[in-house]
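Colleague: Every number in my numbering is 167 more than the matching position in the sequence shown, counting from 1.
We treat Cβ as the ideally placed atom computed from N, Cα and C, and that holds for glycine.
Below is one structure. I have some questions about it.
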Amino acid sequence: MASVNRVPGGVTAAKGYRAASCAAGIKYKGRTDMALLVSDVPAAAAAVFTSNVMKAAPVIWDRNNITSCGKVQAVVVNSGIANACTGEEGLESCRRSAEAVSAALGIPAEYVAVGSTGVIGMPLPDDRIINGINMMIPALSDSIEAGTAAARAIMTTDTVKKEFAYSFVTSDGKTVTVGGMSKGSGMIHPNMCTMLCYVTTDMAIDRALIDEALHGAVDSSFNMITVDGDTSTNDTLILMANGLAGNKEVTEKDSDYDLFREALGLLTTDLAKLMARDGEGATKRIEMRVLGADTLAHAKVLAKSVVGSNLTKAMIFGKDANCGRVLCALGYSGIEFDPAKVDLWFVDPAGDRKLLLYTGGKFTGYDEEDAVTYMEGEEVVMACDMHMGEASAVAWGCDLTYDYVKINADYRS
Numbered sequence: 168m169a170s171v172n173r174v175p176g177g178v179t180a181a182k183g184y185r186a187a188s189c190a191a192g193i194k195y196k197g198r199t200d201m202a203l204l205v206s207d208v209p210a211a212a213a214a215v216f217t218s219n220v221m222k223a224a225p226v227i228w229d230r231n232n233i234t235s236c237g238k239v240q241a242v243v244v245n246s247g248i249a250n251a252c253t254g255e256e257g258l259e260s261c262r263r264s265a266e267a268v269s270a271a272l273g274i275p276a277e278y279v280a281v282g283s284t285g286v287i288g289m290p291l292p293d294d295r296i297i298n299g300i301n302m303m304i305p306a307l308s309d310s311i312e313a314g315t316a317a318a319r320a321i322m323t324t325d326t327v328k329k330e331f332a333y334s335f336v337t338s339d340g341k342t343v344t345v346g347g348m349s350k351g352s353g354m355i356h357p358n359m360c361t362m363l364c365y366v367t368t369d370m371a372i373d374r375a376l377i378d379e380a381l382h383g384a385v386d387s388s389f390n391m392i393t394v395d396g397d398t399s400t401n402d403t404l405i406l407m408a409n410g411l412a413g414n415k416e417v418t419e420k421d422s423d424y425d426l427f428r429e430a431l432g433l434l435t436t437d438l439a440k441l442m443a444r445d446g447e448g449a450t451k452r453i454e455m456r457v458l459g460a461d462t463l464a465h466a467k468v469l470a471k472s473v474v475g476s477n478l479t480k481a482m483i484f485g486k487d488a489n490c491g492r493v494l495c496a497l498g499y500s501g502i503e504f505d506p507a508k509v510d511l512w513f514v515d516p517a518g519d520r521k522l523l524l525y526t527g528g529k530f531t532g533y534d535e536e537d538a539v540t541y542m543e544g545e546e547v548v549m550a551c552d553m554h555m556g557e558a559s560a561v562a563w564g565c566d567l568t569y570d571y572v573k574i575n576a577d578y579r580s
């Protein structure tokens, strides 16, 4: 039976993709702040964008072009300035960037996606953007290192680069790779996802199928994380499929589609969990598993309510086993349930032990010192069984620390 395996790299792991990065001096000094990703041929594209009404100019540009032509061949991204709340001037900046890439590569401007992340309300320095594009064009490379450098270049307050890749063999014997990079550390509250993310694959697959697979992957990964409750103006996830793996095009939901969907789901979950752990100022990732819910939708709401609770996040940071905060977050989620039927545990991330905290409508009298041991590591896992049905869901967040306030009180300097 075919299997999906993690492989080295990110956006350049799949065939036919090249990347470059540079220090354009857009906002940051002494570090790379622009990335360019190019497919050797036009790629079928699917995308998901922010639900925030205040959409940044790059979101508007990308959404319009991908909706109209369904293809992307290049993506140019800057960090430091978000190009959000910039009106017509912001859209003109997108056009100028796309046209610069178009002229240099000889591709249609509507095949060029743009992405920005950083401070809201500041205009982009177009001269630096164009200079950066001109620096990156000759540096394009299909090496793993070039993809990794691009993943670093799109970081803002992120502390680690975020990239993964998976591969599998299709029924006709072709190796297909799915790779991706993302950024996100603050303004993380999914409704779609809160970040920039770019996914590449060399699979030949119908655009309608990649669109369906992408939305399914987002719902169980990026839409299940939160850091601070703020949904960004710039959320963008673009998936490109250039077909250069040479497989017979996937046009129906067959075994090859299932493998693609599995690889995409693993990739987006890896990226989402790393974003949750890299929340601004965070020291721990929080995982909440909800079991026994009556519907999947309700399970998701319950899990996200816990990881989004500031009191729960502070409890985890302080390693204070005041687990009434978790129950409180379940209770105000908006989902009706019987508190007397809920079971709540701390779970060891390795899965070899757990501590029952609450059952039968009351706390168990658990040992406080024992409970604290479950909050010592960088990953804190909790689970509850609602005893309502068979549905389950998992959500991820992070603790709330003093450094989160420090970072965001001084974000523009």
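Between G564 and A443, what straight-line distance do the alpha-carbon atoms span, to the nearest angstrom?
Modeller: The straight-line gap from Cα to Cα measures roughly 5 Å.
Colleague: Below 8 Å, how does it come out for the region 249-267 and the region 409-427: are there three or more Cβ pairs, yes or no?
Modeller: Because the criterion of three Cβ pairs below 8 Å is not met, the region 249-267 and the region 409-427 do not touch.
Colleague: Mind checking which residues open and close the beta strand (DSSP E) that includes G347?
Modeller: That run of the beta strand (DSSP E) goes T342 to K350.
Colleague: I think G556 touches A460, with their Cβ atoms under 8 Å apart; what is that distance to the nearest whole Å?
Modeller: Right, the Cβ-Cβ distance comes to about 6 Å (below 8 Å), so this counts as a contact.
Colleague: In this structure, how does DSSP classify L411 when only helix, strand and coil are distinguished?
Modeller: Note: L411 maps to coil in three-state DSSP.
Colleague: Whole angstroms is fine: what's the gap from K341's alpha carbon to A313's?
Modeller: Their backbone Cα atoms lie some 24 Å apart in a straight line.
Colleague: Hey, would you say A241 sits closer than 8 Å to Y278, going by beta carbons?
Modeller: Their beta carbons are under 8 Å apart, which means A241 touches Y278 by this criterion.
Colleague: Using DSSP's beta-bridge definition, name the partner residues of V174.
Modeller: Partner(s): A332.
Colleague: Taking G285 as part of the beta strand (DSSP E), name the residues at either end of that continuous run.
Modeller: Element bounds for G285: V279 to V286.
Colleague: In this structure, how does DSSP classify K238 when only helix, strand and coil are distinguished?
Modeller: DSSP places K238 in strand when its eight states are reduced to three.
Colleague: Looking at the secondary structure, which residues open and close the alpha helix (DSSP H) in which L381 lies?
Modeller: Counting along the chain, the alpha helix (DSSP H) containing L381 begins and ends at R374 to S387.
Colleague: For the beta strand (DSSP E) containing V208, list its first residue and its last residue.
Modeller: From DSSP, the beta strand (DSSP E) with V208 extends over M201 to F216.
Colleague: For the region 538-558 against the region 503-518, do three or more pairs of beta-carbon atoms, one drawn from each stretch, fall closer than 8 Å, so that the two count as touching?
Modeller: Counting Cβ pairs under 8 Å, three or more are found: they touch.
Colleague: Considering only DSSP beta bridges, list what I248 is partnered with.
Modeller: For I248, which the question treats as bridged, DSSP gives the partners V286.
Colleague: Out of M302, T462, S206 and I453, point me to the one whose CA is closest to F484's CA.
Modeller: That would be I453, whose Cα lies nearest to the Cα of F484.
Colleague: Return the chain-ordered ranges of every beta strand (DSSP E) run that is complete within the region 486-557 and spans a minimum of 3 residues.
Modeller: Fully enclosed beta strand (DSSP E) runs of 3 or longer: 510-514, 521-526 and 546-552.
Colleague: Since I believe V268 is in contact with P225 (beta carbons under 8 Å), could you give me their beta-carbon distance rounded to a whole number of angstroms?
Modeller: With 8 Å as the limit, P225 and V268 do not qualify as a contact, their Cβ atoms being about 13 Å apart.
Colleague: Got a sec, what are the start and stop residues for the alpha helix (DSSP H) G432 sits in?
Modeller: Segment S422 to R444, the alpha helix (DSSP H) holding G432.
Colleague: Going by beta carbon distance, what residues of the same chain come within less than 7 Å of D445, once the five residues before and after it are set aside?
Modeller: Closer than 7 Å at the Cβ level, and outside the excluded window around D445, lie D325, T326, V327 and S352.
Colleague: Can you grab the Cα-Cα spacing for the pair G528 / S500, in whole Å?
Modeller: Using only the alpha carbons, I get a separation of about 18 Å.
Colleague: I need the straight-line Cα distance from I233 to L411, nearest angstrom please.
Modeller: Cα-Cα distance, rounded: 20 Å.
Colleague: On the CB-based measure, 16 or more other CB atoms within 10 Å of its CB, does N219 come out buried or exposed?
Modeller: N219 comes out buried.
Colleague: Please determine, among R198, C495, I227 and K420, the residue with the shortest C-alpha to C-alpha distance to G299.
Modeller: Among R198, C495, I227 and K420, the Cα nearest to that of G299 is on R198.
Colleague: With DSSP as the reference, label V156 as helix, strand or coil.
Modeller: This structure cannot speak to residue 156, because the chain is shown only from 168 to 580.
Colleague: Would you list the one or two residues that DSSP bridges to A470?
Modeller: A470 is not bridged to any residue.
Colleague: Exposed or buried, N401, counting other C-beta atoms within 10 Å across all chains shown (16 or more means buried)?
Modeller: By the 10 Å Cβ count, N401 comes out buried.
Colleague: On the DSSP bridge list, what partners appear for E454?
Modeller: Looking at the DSSP assignment, E454 forms a beta bridge with V548 and W563.
Colleague: Do S283 and L272 have their CB atoms nearer than 8 Å?
Modeller: No.
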